[in-house]
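Chains as they are written, first to last, in my numbering: chain A, 1 to 424; chain B, 1 to 424.
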């Protein structure tokens, strides 16, 4: 049984109990959310020791970290170090986006090493199948998925919504950047070359059988996500979303857990409507957002452009933020890029949780502010989302009076107010 | 005549013409905004060569950079270097927040060196007056302001709204952090010790005379801004804002340009209401926001927490963002902190300009996206908000194929789509 099937039968699984503990909620609440499809718990039965992570309505906003080798950067050790860093820094899931040659050895090693749920994009194996793209068959695509499922992957991105109808809309040429999804562009090219329908769409029932067998959560990919603010919320994007919503219903009917991925690049005022559309068209499925990046002009700083967009999206109801690093649009991220990306995404997630009133969120800010009010620097560093950086910064700039900092020195307003009227 | 007086008489000053050129607007539009008080142009007649910067409704969102020596960091050269960096990186104004000893030599040198409008907080001189705080008279406070005005300061923060009524609200003790404003805490302490009313409030007519003489723009400071998300939008903050709104009317009546400062720390859902309240209670005066920082828990990363809040505030109508650096709450910022702070604030400002549909904002993103669509790396770097960092990042991670980047290598979706169907 999948988590979804168990939940529907009224069974509270150990994974639901673990999620309930982590969220400070009743196990029955988690079961009900999973049964409804409003939350998922990606946990492949072949991923032994995976820690259960609940993603969905009313739960804490989760953060995913992408890693994996690319044709130009093939250092497995660096990618394993990213996984360890992600775990240490409080990320909630990993995606192995390796897209070079035989991806299996790295994937299996990663799944064996990490307790975080692992996601992949099986179609990235298309180039490692030993034949040219147009010679691949629908069975080949399904076999990529099956291998990932067997290997213990907890959630898979499937670009099942980019159909031939989308290709027609693409031909209309309204976009500055037609397709910016790696997997989406592979499938688009295959459809163009073969004249056939998207195999993940055409064979969706077989996709569901595979995913059900291992309880792989499907993350329906948005191949047509906008890669430029100009291209956001256009007919192509929404057409694909309608298709994804229909596939959500089919997945749930088959007992397969499912979430939906979303944009991308978009201006601030479009974010709320996009979350609303996803939640409505996709029947309340958990929403996994990539960004949104709120302006195109800041390469090198897209952890910031997407922290702005991600905070808004999650406040409006998105459940899962894919981190974006400073390296986005520029290069494969380094370890330092990964660190900055995680922190920016965690800030966005927590700001949204505060906004949504998620239980426990406010208490954290209160602890930090009370520590500030007492000028208790040890407590401030303990409460800090990342204690390392502010501790280092403070050590590099030592104040004359250890109670204050070098910003204001003895002019510190907190100190002044405390001395004037001691704070309880 | 001040800019406001000239505008009311129908005169288009050279400064209004300069603002019109920079904004791509008609000079008459700028004059009308200034006449109404919906925009200000801080330009002290003693600041020779100051470049005119329009701050207000419908104009591009502007960014201020704080600098200045503190009791623990007294290196003038580092602070001058911050000013040069700010100018080079596209900041629109500087505030010299020096609060150590005789602030005049540094201030005069800064004003002589920079073309950016310079703001200060004259009350920071309170500790350099050679007597203890309680011995200062209202005249002493006015003389601090007069010296700054004479020296050519373009805008001054005056905490004129923290009245004895606010002290009473403070006594109710609802806040975690009572007063986090340096200037505000000085005045609160002086009021408590002397039993007198806030001198900038009590003697506001004399304040106006001084500011009118030099055309110093008043930036009404929010001494009672929240320093913790818990403390936001409380009776104390709004009480002060009501007072500031009344002072706005008096300043305008006296021909003095005026803007209003705002919070601070607050949760995402409170930002829109705060901007609305400021605009209503302060009669459409330009809104200068410090943050807002959307969560307290991320010291070391408050350039990000405030980029999130600042983008929202400016989208909803704030006109001027005070940058926040990663050093906020930790130390006086280094040059590198200043750089990161400027970029984060400029991202927030531009994301908001895109959201508000400010003329020219969309064209920039379009240029960047078109360059991306062509895989034209030189053009991407030229269009980048900060070309230096992404250029360096790319140089450190060289792709096998110079057309792509090491994130995807030959799997690049843009390249794939171009080859499949060449993009015009």
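Yeah, the Cβ is synthetic: ideal placement off N, Cα and C, and Gly gets one too.
All of these numbers come straight from a predicted model, not from anything done at the bench.
With 16 as the cutoff for other CB atoms within 10 Å, does residue i come out buried or exposed?
{"i": "residue 48(B)", "result": "exposed"}
{"i": "residue 82(A)", "result": "buried"}
{"i": "residue 62(B)", "result": "buried"}
{"i": "residue 33(B)", "result": "buried"}
{"i": "residue 75(B)", "result": "exposed"}
{"i": "residue 102(A)", "result": "exposed"}
{"i": "residue 413(B)", "result": "buried"}
{"i": "residue 392(A)", "result": "exposed"}
{"i": "residue 93(A)", "result": "buried"}
{"i": "residue 228(A)", "result": "buried"}
{"i": "residue 181(A)", "result": "buried"}
{"i": "residue 398(A)", "result": "exposed"}
{"i": "residue 370(B)", "result": "buried"}
{"i": "residue 172(B)", "result": "exposed"}
{"i": "residue 26(B)", "result": "exposed"}
{"i": "residue 137(A)", "result": "exposed"}
{"i": "residue 20(A)", "result": "buried"}
{"i": "residue 6(A)", "result": "buried"}
{"i": "residue 88(B)", "result": "exposed"}
{"i": "residue 353(A)", "result": "buried"}
{"i": "residue 424(A)", "result": "In this prediction, residue 424(A) has a pLDDT of 44, which is less than 50 and means its spatial position is unreliable; what the coordinates show is noted afterwards. So residue 424(A) ends up on the exposed side."}
State the DSSP-derived secondary structure class of residue i, mapped to helix, strand or coil.
{"i": "residue 337(A)", "result": "helix"}
{"i": "residue 425(B)", "result": "There is no way to answer for residue 425(B), as the model of chain B reaches only from 1 to 424."}
{"i": "residue 243(A)", "result": "helix"}
{"i": "residue 254(A)", "result": "coil"}
{"i": "residue 397(B)", "result": "coil"}
{"i": "residue 423(A)", "result": "Model confidence at residue 423(A) stands at a pLDDT of 47, short of 50, so the residue's coordinates are unreliable and nothing is read from them."}
{"i": "residue 97(B)", "result": "coil"}
{"i": "residue 151(A)", "result": "helix"}
{"i": "residue 259(B)", "result": "strand"}
{"i": "residue 283(B)", "result": "coil"}
{"i": "residue 194(A)", "result": "helix"}
{"i": "residue 289(B)", "result": "strand"}
{"i": "residue 119(B)", "result": "strand"}
{"i": "residue 265(B)", "result": "strand"}
{"i": "residue 277(B)", "result": "helix"}
{"i": "residue 158(A)", "result": "strand"}
{"i": "residue 175(A)", "result": "coil"}
{"i": "residue 18(B)", "result": "helix"}
{"i": "residue 249(B)", "result": "helix"}
{"i": "residue 223(A)", "result": "coil"}
Are the CB atoms of residue i and residue j nearer to each other than 7 angstroms?
{"i": "residue 266(B)", "j": "residue 313(B)", "result": "no"}
{"i": "residue 317(A)", "j": "residue 291(A)", "result": "no"}
{"i": "residue 365(A)", "j": "residue 296(B)", "result": "yes"}
{"i": "residue 117(A)", "j": "residue 211(A)", "result": "no"}
{"i": "residue 479(A)", "j": "residue 283(A)", "result": "A question about residue 479(A) goes unanswered here, because the residues of chain A that appear run from 1 up to 424."}
{"i": "residue 258(B)", "j": "residue 183(B)", "result": "no"}
{"i": "residue 215(B)", "j": "residue 2(B)", "result": "yes"}
{"i": "residue 157(A)", "j": "residue 56(A)", "result": "no"}
{"i": "residue 15(A)", "j": "residue 38(A)", "result": "no"}
{"i": "residue 345(B)", "j": "residue 375(B)", "result": "no"}
Give the single residue among the options whose Cα lies nearest to the Cα of residue i.
{"i": "residue 242(A)", "options": "358(A), 349(A), 162(A) and 217(A)", "result": "162(A)"}
{"i": "residue 109(B)", "options": "101(B), 96(B) and 227(B)", "result": "96(B)"}
{"i": "residue 139(A)", "options": "112(A), 201(A) and 107(A)", "result": "201(A)"}
{"i": "residue 198(A)", "options": "94(A), 164(A), 222(A) and 323(A)", "result": "164(A)"}
{"i": "residue 301(A)", "options": "321(B), 326(B) and 340(B)", "result": "340(B)"}
{"i": "residue 174(A)", "options": "124(A), 19(A), 236(A) and 205(A)", "result": "236(A)"}
{"i": "residue 46(A)", "options": "115(A), 11(A) and 58(A)", "result": "115(A)"}
{"i": "residue 209(A)", "options": "240(A), 279(A) and 149(A)", "result": "149(A)"}
{"i": "residue 497(A)", "options": "145(A), 78(A) and 153(A)", "result": "Look at the range of chain A in this structure, 1 to 424, and you will see that residue 497(A) is not part of it."}
{"i": "residue 159(A)", "options": "123(A), 144(A) and 178(A)", "result": "123(A)"}
Could you check if residue i belongs to the surroundings of the ligand MN, using beta carbon to heavy atom distance under 6 angstroms?
{"i": "residue 84(A)", "result": "The ligand MN is not part of this structure, which contains no ligands at all."}
Mind pulling the beta strand (DSSP E) runs of 3 or more residues that sit fully within the region 294 to 340 of chain B?
320 to 322
In the region 373 to 418 of chain A, which residue ranges form an unbroken alpha helix (DSSP H) of at least 4 residues, counting only runs that do not cross its ends?
377 to 383 and 388 to 395
Along the chain, which unbroken stretches of the alpha helix (DSSP H) at least 4 residues long are found entirely within the region 37 to 83 of chain B?
none
Run through the region 197 to 221 of chain A for me and flag every whole alpha helix (DSSP H) of 4 or more residues, listed as ranges in chain order.
199 to 202 and 204 to 214
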